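**Q** Heads up, the working numbering is the position in the sequence shown plus 249, with the first residue counted as 1.
Ideal Cβ positions, reconstructed from N, Cα and C, are used throughout, including at glycine.
Here the structure is a predicted model, which is why all the values come from computation and not from measurement.
So that we are looking at the same thing, I have put the structure below in structure tokens.
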Amino acid sequence: MKTLGTVISNEKGPTTMGFDFAISDLSVRKGQFVQIDDADNSIIARVDEIYKTNRYFSRTDSVIEYERSGKPISELFPVDRWEYLVGSCSILGMFSSNQIKRVTFPPSPGSTVRTVDEKLLEKFLGFDQKGLFVGKLSFHDLESRLNLSRLLQKHVAILAMSGAGKSHLVGVIIEELLEMEGLKPAIIVLDPHGEYTKFAHDPFYRKYTKIFNEENIKIGVSTLKASNYADFLELTHAQKRELAKVLQNMKKENYDIDHLIAEVDASGIKSPTKENLSGALMSLKSFGFFDKHTRPAPDYLAKQGQLSVMDLSNFIELKERQIIATYFIKNLFYQRRMEKIPPFLLVIEEAHQFCPEGKKEEAISRGIIETIAREGRKFSASLMLVSQRPIRLSTTVLSQCNTHIVLRVTNPYDLDHIGQSSEGMSRELIKDLPSLKTGEAVIVGEAVNYPVMINVRDKKIKSEK
Numbered sequence: 250m251k252t253l254g255t256v257i258s259n260e261k262g263p264t265t266m267g268f269d270f271a272i273s274d275l276s277v278r279k280g281q282f283v284q285i286d287d288a289d290n291s292i293i294a295r296v297d298e299i300y301k302t303n304r305y306f307s308r309t310d311s312v313i314e315y316e317r318s319g320k321p322i323s324e325l326f327p328v329d330r331w332e333y334l335v336g337s338c339s340i341l342g343m344f345s346s347n348q349i350k351r352v353t354f355p356p357s358p359g360s361t362v363r364t365v366d367e368k369l370l371e372k373f374l375g376f377d378q379k380g381l382f383v384g385k386l387s388f389h390d391l392e393s394r395l396n397l398s399r400l401l402q403k404h405v406a407i408l409a410m411s412g413a414g415k416s417h418l419v420g421v422i423i424e425e426l427l428e429m430e431g432l433k434p435a436i437i438v439l440d441p442h443g444e445y446t447k448f449a450h451d452p453f454y455r456k457y458t459k460i461f462n463e464e465n466i467k468i469g470v471s472t473l474k475a476s477n478y479a480d481f482l483e484l485t486h487a488q489k490r491e492l493a494k495v496l497q498n499m500k501k502e503n504y505d506i507d508h509l510i511a512e513v514d515a516s517g518i519k520s521p522t523k524e525n526l527s528g529a530l531m532s533l534k535s536f537g538f539f540d541k542h543t544r545p546a547p548d549y550l551a552k553q554g555q556l557s558v559m560d561l562s563n564f565i566e567l568k569e570r571q572i573i574a575t576y577f578i579k580n581l582f583y584q585r586r587m588e589k590i591p592p593f594l595l596v597i598e599e600a601h602q603f604c605p606e607g608k609k610e611e612a613i614s615r616g617i618i619e620t621i622a623r624e625g626r627k628f629s630a631s632l633m634l635v636s637q638r639p640i641r642l643s644t645t646v647l648s649q650c651n652t653h654i655v656l657r658v659t660n661p662y663d664l665d666h667i668g669q670s671s672e673g674m675s676r677e678l679i680k681d682l683p684s685l686k687t688g689e690a691v692i693v694g695e696a697v698n699y700p701v702m703i704n705v706r707d708k709k710i711k712s713e714k
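Structure representation (structure tokens):
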């Protein structure tokens, strides 16, 4: 391991929380992990900041007085010889007897600071050699491989401004899931912009991919209850009660929306409830995706090792997308609870559209998404929420995502929201988020033992389209 510098004593420490060190190797970078060895223990720390110091410029009054002489201070004194780089580090923990422990005694001034042992760092951060390869640890030649269960079991949120690389990262994770050995989850993507349809045009990934769009996404009318219509249409109590009676009297065979409207019109429902109910059902008919049969069926949508992309790009109205999301997500979760479909990962792009903070009436799909966020772990139903506006995303859902992967964010309101909702996201990391380059990401939470910054790897997918 290469020597990087020496721990110094100053007014800040060293303490059990951190230390400063005089840098002797100019390769040291902010965000880098470093190591101090003491007997059989290894302290792991992260460089939070790098600053310069020079004794000739330490007193403002002296600098001003010398400058008044008409000559730069650099001509009067050998200032270059007294300029030093200092790294300010926060201590993360200690490896002792092959266990991670809390540091209860500070390192000594004069201790040597070295580059961290990569194998030790891999264990310390909780990377998994057989995990999902999402990129490389910034400033280190170490692959960031995330344990599948730790990443997905308690849900994950991927947050970033537009153009920062969040969809690229999601694509990388999907590639890893499709290529992994052993039991694979079913992957279902709610895709408002059709970004993930490219998997169907890749020579390798096409065999794992199914695309569903406006041509083959249908909701079977005969599968719906009055409560479903109440969600879709915000029915009054009277309308819901009368519709329930109509549905109960209808035949068991499959029927379409026209048949249902005709039954309502022919019923003995009093005005104006009948007219309002019939008009509401007509508005559903205008969407064009209510049919006799549901397509795709839950067991066709959620297949082990299959990527199912629900391309919603041609469903223009937000309410259309929310109705589709509500219906299919409820079906998927019900089928999973009954163990009729395999464990699944539900990826929701533009999650703030489907699960916003605010009134339930503003997003009918919010309720079922919050239910999965709270209860999905018990049934191996995982969420991956992707959003460019974290502040608009339901705090209930965001707080249930135990791993947050954050790329570049510049909006101060979003930054404040991330700071409040992401455990382990320190002030220093929050300050770094606006300056991240495209493809750089900070991972905090369940998937890693300590916050890490990574460079997301390139995607393998090659679209023939």
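Quick one: what's got a C-beta closer than 8 Å to P605's C-beta in the same chain, skipping five residues either side?
**A** For P605, where only same-chain residues beyond five positions count, the Cβ hits under 8 Å are E611, A612, R615, R641, L642, S643.
**Q** What whole-angstrom Cβ distance do L435 and Q553 have, given they're in contact under 8 Å?
**A** Looking at the sequence provided, one finds Ala at residue 435 rather than Leu. Between Q553 and A435 the Cβ distance is about 6 Å, and since that is below 8 Å, they are a contact.
**Q** Could you tell me if F564 is buried or exposed, where buried requires 16 or more neighbouring beta carbons within 10 angstroms of its beta carbon?
**A** Buried: at least 16 other Cβ atoms inside 10 Å.
**Q** Starting from D514 and walking both ways along the alpha helix (DSSP H), at which residues does that stretch end?
**A** Residues 506–515.
**Q** Measure the Cβ-Cβ separation of I618 and V646 and say whether it is below 8 Å.
**A** Against a cut-off of 8 Å, the Cβ pair of V646 and I618 comes out as a contact.
**Q** Which residues in the same chain have their Cβ closer than 8 Å to the Cβ of K489, if we skip the five residues on either side of it in sequence?
**A** Hits under 8 Å: A475, S476, Y478, A479.
**Q** Are any of the Cβ atoms in chain B nearer than 8 Å to that of V646?
**A** Included in the structure is just one protein chain, with no chain B present.
**Q** For N651, collect the residues of the same chain with a Cβ closer than 7 Å to its Cβ; drop the 5 residues on either side in sequence, then sort them by chain order.
**A** K403, H404, G694, E695, listed in sequence order.
**Q** Which one of D377, T361, L656, N660 has the shortest CA to CA distance from L408?
**A** Considering only alpha carbons, the answer is L656.
**Q** Quick one: measure Cβ to Cβ for L581 and I590, integer angstroms, because I've assumed they're closer than 8 Å.
**A** L581 to I590, Cβ: 7 Å. Contact.
**Q** If you reduce the DSSP assignment to three classes, tell me which class M499 lands in.
**A** M499: coil per DSSP, three-state reduction.
**Q** Report back the beta-carbon spacing between G375 and N704 to the nearest angstrom; my notes put them in contact at under 8 Å.
**A** No, G375 and N704 are not in contact; Cβ-Cβ is about 18 Å, not under 8 Å.
**Q** Check whether the stretch 659–672 and the stretch 358–376 touch, using three or more Cβ-Cβ pairs below 8 Å as the test.
**A** Cβ pair count under 8 Å is below three, so no.
**Q** Does the distance from the CB of L381 to the CB of R363 come in under 8 Å?
**A** It is not a contact, given that the beta carbons lie outside the stated cut-off.
**Q** For L638, which residues in the same chain have their Cβ closer than 7 Å to its Cβ, ignoring the five residues on either side in sequence?
**A** Position check: residue 638 holds Arg in this sequence, whereas Leu was assumed. These residues qualify, in order along the chain: H601, D663.
**Q** If we ignore side chains and look at the alpha-carbon of each, how far apart do K350 and F453 end up?
**A** For K350 and F453, the distance between alpha carbons rounds to 44 Å.
**Q** What does the Cβ neighbour count give for G412, buried or exposed, with the cut at 16 atoms within 10 Å?
**A** G412 is exposed by the Cβ-count criterion.
**Q** Which of the three DSSP states, helix, strand or coil, is assigned to I654?
**A** DSSP places I654 in strand when its eight states are reduced to three.
**Q** Going by C-alpha to C-alpha distance, which of F354, E512, L509, Y333 sits closest to L341?
**A** With distances taken between Cα atoms, L341 lies closest to F354.
**Q** What distance in whole Å lies between the Cβ atoms of S273 and H442, which are believed to be in contact at a cut-off of 8 Å?
**A** That pair is no contact at about 50 Å.
**Q** With burial defined as no fewer than 16 other Cβ atoms inside 10 Å of the residue's Cβ, what is the status of G528: buried or exposed?
**A** With fewer than 16 Cβ atoms within 10 Å of its Cβ, G528 is classed as exposed.
**Q** Quick one: Cα of R586 to Cα of G359, how far?
**A** Roughly 59 Å between the two C-alpha positions.
**Q** Given L253, which residues of its chain have a CB within under 7 Å of its CB, disregarding the five upstream and five downstream residues?
**A** Only I272, S273, D274, V277, V283, V362, R363, T364 meet the Cβ criterion.
**Q** Using a Cβ-Cβ cut-off of 7 Å (strictly less than) and excluding sequence neighbours within five positions of D560, which residues of its own chain qualify?
**A** So the qualifying residues of the chain are D440, G443, T446, I460, F461, N462.
**Q** Are there 16 or more other CB atoms within 10 angstroms of the CB of H542, so buried, or fewer, so exposed?
**A** Exposed.
**Q** Between T255 and K579, what straight-line distance do the alpha-carbon atoms span, to the nearest angstrom?
**A** Approximately 58 Å, taken between the alpha carbons.
**Q** Using C-beta distances below 7 Å, list every residue in its chain close to L567, excluding the 5 sequence neighbours before and after it, in chain order.
**A** Cβ within range, chain order: Q602.
**Q** Can you list, in chain order, the stretches of the beta strand (DSSP E) that have 3 or more residues and sit fully within the stretch 541–612?
**A** Segments of the beta strand (DSSP E) lying fully in the stretch 541–612: 556–560, 593–597.
**Q** If E689 and S387 are in contact, beta carbons under 8 Å, what's the gap, nearest whole angstrom?
**A** Right, their Cβ atoms sit about 7 Å apart.
**Q** From the DSSP secondary-structure annotation, give me the bridge partner or partners of Q348.
**A** Answer by DSSP bridge pairing, in chain order: S345.
**Q** Among E599, G431, Y576, L432, which has the Cα closest to the Cα of V419?
**A** For the residues E599, G431, Y576, L432, the minimum Cα distance to V419 belongs to E599.
**Q** Would you list the residues sitting across from R363 in a DSSP beta bridge?
**A** T252, Q284.
**Q** Would you call R399 buried or exposed, if buried means 16 or more other Cβ atoms sit within 10 Å of its Cβ?
**A** It is buried - the Cβ of R399 has at least 16 other Cβ atoms within 10 Å.
**Q** Could you tell me the distance, in whole angstroms, from the CA atom of I506 to the CA atom of A551?
**A** Distance between the alpha carbons of I506 and A551 is about 26 Å.
**Q** Between the beta-carbon of L526 and the beta-carbon of E483, is there less than 8 Å?
**A** For L526 and E483, no; Cβs fall outside 8 Å.
**Q** Who are N290's beta bridge partners in DSSP?
**A** Note: N290 sits in a beta bridge opposite D287, S345.
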